[in-house]
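Working notes, structure below.
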Amino acid sequence: RPAAWSKLKGIAALLPSYDYVWYVDLDTVITNSSIALEWYIHEANAMFRRDKTLLTAGAGSTGTAGSVDSSTTPVVPDVIMTNDWHGPNTGVFFMRNSAWSLRFLDTWFDLKQFDRSLYPRQYPFNYEQRGLHYLLSTQEWASHRLAGHPAARAHRAHFQFVPQCAMNSYSVHPLQRGGSLRRNGYYRTDLLVHLAGIGDAH
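And the structure:
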């Protein structure tokens, strides 16, 4: 099986021994070690609680407003991740030690139907990145007129997305299509630079 999937098994093996596992792809460079990783967790948890409060208030007495059932969401997110201009990126993320996280990793890894072809026209992305877009039924996935996972809504309730440059800054050319220096590009005080999509020739 393509090696990219091994990150999921690696996280699952480590997770029971820690409160959180922070995963980063091999094409990342830490550039600011003065930032404590706990800060990202604290800020993401605060964002998650705020969003859940707003969702509950919007639902009122009917409990039907918003995109998730607030009574079934966790108190803090199980996955902290960033979006780029295509949606969720699996190159850098936190995963919390929870029963849900371990089940989700198994579900994610078991998506073997996406291994059959490297670049099929009907599917965006490759490997575990493709699998996550399916599990979350992202806008990018829907734009290809693909059916999402039946539990996508419940899956999304366990995620908190933070601004990309908080912890997953890209090396973005000023003229790069889709990317934005302000929203996606690396600045010298950022935690890291992720060289996503940049081949050896660059």
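Residues 1 to 202 (UniProt numbering) are what the sequence shown spells out, left to right.
Heads up, the beta-carbon is just placed ideally off N, CA and C, and yes, glycines get one too.
Exposed unless 16 or more other CB atoms sit within 10 angstroms - verdict on residue i
i: P150; result: exposed
i: R1; result: exposed
i: W39; result: exposed
i: V21; result: buried
i: R103; result: exposed
i: Y170; result: buried
i: Y134; result: buried
Extent of the continuous beta strand (DSSP E) to which residue i belongs
i: T73; result: No beta strand (DSSP E) contains T73, which DSSP labels as neither H nor E.
Three-way DSSP call (helix, strand, coil) for residue i in this model
i: L192; result: strand
i: D84; result: strand
i: R96; result: strand
i: Y127; result: helix
i: Q122; result: coil
i: Y134; result: helix
i: S171; result: coil
i: S61; result: Caution is warranted here: a pLDDT of 41 is assigned to S61, below 50, making its placement in the model unreliable, and no coordinate value can be reported.
Terminal residues of the alpha helix (DSSP H) in which residue i lies
i: Q113; result: Counting along the chain, Q113 falls outside any alpha helix (DSSP H), and DSSP gives it neither H nor E.
i: W141; result: Q139 to S143
i: H155; result: A152 to R156
i: A3; result: Per DSSP, A3 belongs to no alpha helix (DSSP H) and is neither H nor E.
Near the ligand GTP: residue i beta-carbon under 7 angstroms from a heavy atom
i: L195; result: Only the bare structure without any ligand can be found here, which leaves the ligand GTP out of the picture.
Discussion item. My parser needs the beta strand (DSSP E) runs of 3 or more residues fully inside the segment 9-44; what are they?
Written reply: 20-24 and 28-30
Practice prompt. Kindly confirm or deny that the segment 128-139 and the segment 82-96 touch, where touching means at least three C-beta pairs closer than 8 angstroms.
Written response: yes
Worksheet item: Is the segment 74-81 touching the segment 3-10, taking contact as three or more C-beta pairs under 8 angstroms?
Response: no
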